[in-house]
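Undergrad:
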Amino acid sequence: MTQATQTAAAAQDTLRHISETERGERARRAAAGALVLRVVELSVRGAPDEFTLRRARAEVERLEKSAEKSILLRGLRVLEEGATAGSLSAALVSYACELEKTRRLPEADAFITLALALDEGSGATALHAARLARKMGDRQRALVLYCAARDLDGGDGQIARLAAVGEAVVSDDGVRMLGRVIRGALRAGDAEAAAVGLEERAALRRAAGDRRGAARDLCLAAARYTDPVDRGRAAHELAGAALSLGDAGAAREALLVALAWGDAPQKDHARTRLHTLSRDLGDQVGMRRWRSFQRPSLVSLSAYRPAPAARSLAPRLLRWREALGQRAAS
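So the mapping is simple: the working numbering equals the position in the sequence shown, first residue as 1, plus 1.
(1) Tell me whether residue 314 sits in a helix, a strand or coil according to DSSP, three-state version.
(2) Select from 234, 262 and 94 the residue whose C-alpha is nearest the C-alpha of residue 114.
(3) To the nearest angstrom, how far is the alpha carbon of residue 320 from that of residue 283?
(4) Please report the distance separating the alpha-carbon of residue 64 from that of residue 170.
(5) Tell me which same chain residues have a C-beta within less than 6 Å of the C-beta of residue 232, skipping the five on either side of it?
(6) Roughly how many angstroms separate the alpha carbons of residue 248 and residue 314, rounded to a whole number?
(7) Can you tell me whether residue 52 is buried or exposed? The criterion is at least 16 other CB atoms within 10 Å of its CB, across all chains shown.
(8) Spatial neighbours of residue 327 within its chain, please: CB distance less than 7 Å, with the 5 preceding and 5 following residues excluded, ordered by chain position.
(9) Would you kindly report the start and end of the unbroken alpha helix (DSSP H) that includes residue 288?
(10) Quick one: using the 10 Å Cβ neighbour count with 16 as the cut-off for buried, is residue 286 buried or exposed?
(11) Less than 8 Å between the C-beta atoms of residue 43 and residue 57, yes or no?
(12) In three-state terms, what does DSSP make of residue 3?
(13) Could you tell me which uninterrupted beta strand (DSSP E) segments, each at least 3 residues in length, are contained entirely in the region 142-201, listed from first to last along the chain?
(14) Where in the region 209-234 do unbroken runs of the alpha helix (DSSP H), each at least 4 residues long, occur, reported from the N-terminal end onward?
(15) In chain order, what residues of the same chain lie with their CB nearer than 8 Å to the CB of residue 126, ignoring the 5 residues before and after it?
(16) With H, G and I counted as helix, E and B as strand and the rest as coil, what does DSSP make of residue 66?
(17) I'd like to know whether the C-beta atoms of residue 254 and residue 318 end up nearer to each other than 8 Å.
(18) Buried or exposed: where does residue 124 fall if 16 or more other Cβ atoms within 10 Å of its Cβ makes it buried?
(19) What residues in its chain sit with their C-beta under 6 Å from that of residue 272, if we drop five residues either side in the sequence?
(20) Buried or exposed, going by whether 16 or more other CB atoms sit within 10 Å of the CB of residue 5?
(21) In angstroms with no decimal places, state the Cα-to-Cα distance between residue 217 and residue 235.
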């Protein structure tokens, strides 16, 4: 039995166990995913089975409408058309990404591990597998996969730099090592890798109680990100860090960045948080401006110590927000 078929069988066991121990929609989705993995295993063996394929499609069709269901159906079409290892691996990676978004990490790990077994030369897949291992608390496996991703990328590409960020995060001296990785990314002109490193360093600093340092890192990360969704996410995190400092003005500026640059859910959440912040500060004008009659997709909790900070970051963030607007207009 090849490594890919062994991995496919192990992934099926993981999904079956989840389908038997969980309830509701998660159990149904895991059961459908296990059937899809059975089809993958048969395809890898070179013995595709039409009955198993039809059964898997029927189970997926019964799932509630979702992005996950659409991805599974696309994967089945790839299998029906005679999948190559590369195309099949790409379909599995897409599904793992969707599972990760909904925080079903064991299922995501099963799919990404199989994707890597099918396409062992993919640094991007190894990087994704390493991130999942880190999120699941498997530090040693994460390190091995980060090293593999770096080597597959030749040691000096963007994937290698992102892998270096991950290695630093799971190291014993994360803040210092991330500083070195961030400087290396900036020297290479890789703003995105530098931004990822800054966001990860902010998380470590905040966990250690350095909230002002975390806020500075998040501000720099949001400025360096080029993708609007990444910038919106960092801006929301920056707002949280500012509120933990009692800096309501800086939180407002960060939320306005998220409102300008984020995707639809991020913008909706920014409006909700701006309304909550205005309410906690007694800002009647702000409450009227940001009031929404639509049900928010995310809950916005009251601010923590929403009082004016002695040294507010708001003026600096205002200048940065205006600079972003001018850059976008030019």
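Where is the CB? At the ideal position from N, CA and C, for every residue including glycine. All figures in this text were calculated on a predicted structure; none of them were measured in a lab.
TA: Reading it off the structure:
(1) What you label residue 314 is simply residue 313 of the sequence shown in a count that begins at 1. Residue state for residue 314 is assigned as coil, using DSSP reduced to three classes.
(2) Counting from one through the sequence shown, the residue named residue 114 turns up at place 113. By alpha-carbon distance to residue 114, the top candidate from 234, 262 and 94 is 94.
(3) Counting from 1 along the sequence shown, the entry for residue 320 is found at position 319. Counting from 1 along the sequence shown, the entry for residue 283 is found at position 282. Those two C-alpha atoms are separated by around 25 Å.
(4) As a position in the sequence shown, residue 64 is number 63, starting the count at 1. As a position in the sequence shown, residue 170 is number 169, starting the count at 1. Each residue's Cα considered, the two are about 37 Å apart.
(5) In the sequence shown, residue 232 corresponds to position 231, counting from 1. Around residue 232, the same chain offers 223, 226 and 262 as residues with beta carbons nearer than 6 Å, after the five sequence neighbours per side are excluded.
(6) For the purposes of this step, residue 248 is identified with residue 247 of the sequence shown, where counting begins at 1. For the purposes of this step, residue 314 is identified with residue 313 of the sequence shown, where counting begins at 1. In this model, residue 248 and residue 314 are separated by some 7 Å (Cα to Cα).
(7) To locate residue 52, count along the sequence shown from 1; it is residue 51. For residue 52, the number of other beta carbons within 10 angstroms of its own is below 16, and it is reported as exposed.
(8) On the sequence shown, residue 327 is found 326 positions in, with the first residue counted as 1. Sequence-distant partners of residue 327 (beyond 5 residues in either direction) whose C-beta falls short of 7 Å from its own C-beta are missing from its chain.
(9) The residue given as residue 288 occupies position 287 in the sequence shown. First-last of the alpha helix (DSSP H) with residue 288: 285-291.
(10) Residue numbering aside, residue 286 sits at position 285 when the sequence shown is read from its first letter. For residue 286, the number of other beta carbons within 10 angstroms of its own is below 16, and it is reported as exposed.
(11) As a working mapping, residue 43 is identified with position 42 in the sequence shown. As a working mapping, residue 57 is identified with position 56 in the sequence shown. Taking 8 Å as the Cβ cut-off, residue 43 and residue 57 do not qualify as a contacting pair.
(12) Locating residue 3 in the sequence shown gives position 2, where the first residue counts as 1. In the structure shown, residue 3 sits in coil (DSSP, three-state: anything other than H, G, I, E or B).
(13) The qualifying runs do not exist here; there are none.
(14) The qualifying runs are 212-225.
(15) Your numbering for residue 126 matches position 125 in the sequence shown. Excluding residues within five positions, the ones whose Cβ falls inside 8 Å are 90, 94, 113, 116, 117 and 120.
(16) Indexing the sequence shown from 1 puts residue 66 at position 65. Coil at residue 66, not helix or strand.
(17) Translated into the one-based positions of the sequence shown, residue 254 becomes position 253. Translated into the one-based positions of the sequence shown, residue 318 becomes position 317. In terms of Cβ geometry, residue 254 and residue 318 form a close pair [threshold 8 Å].
(18) In the sequence shown, the residue the question calls residue 124 occupies position 123. With a 10 Å radius around the Cβ and a threshold of 16 neighbouring Cβ atoms, residue 124 comes out buried.
(19) Numbered from 1 along the sequence shown, position 271 holds the residue referred to as residue 272. Setting aside the 5 residues that flank it on each side, residue 272 is surrounded in the same chain by 291 and 293, each with a C-beta closer than 6 Å to its C-beta; the list follows chain order.
(20) Position 4 of the sequence shown holds residue 5. Answer is buried; the Cβ neighbour count reaches 16.
(21) Counting from 1 along the sequence shown, the entry for residue 217 is found at position 216. Counting from 1 along the sequence shown, the entry for residue 235 is found at position 234. Cα-Cα distance, rounded: 11 Å.
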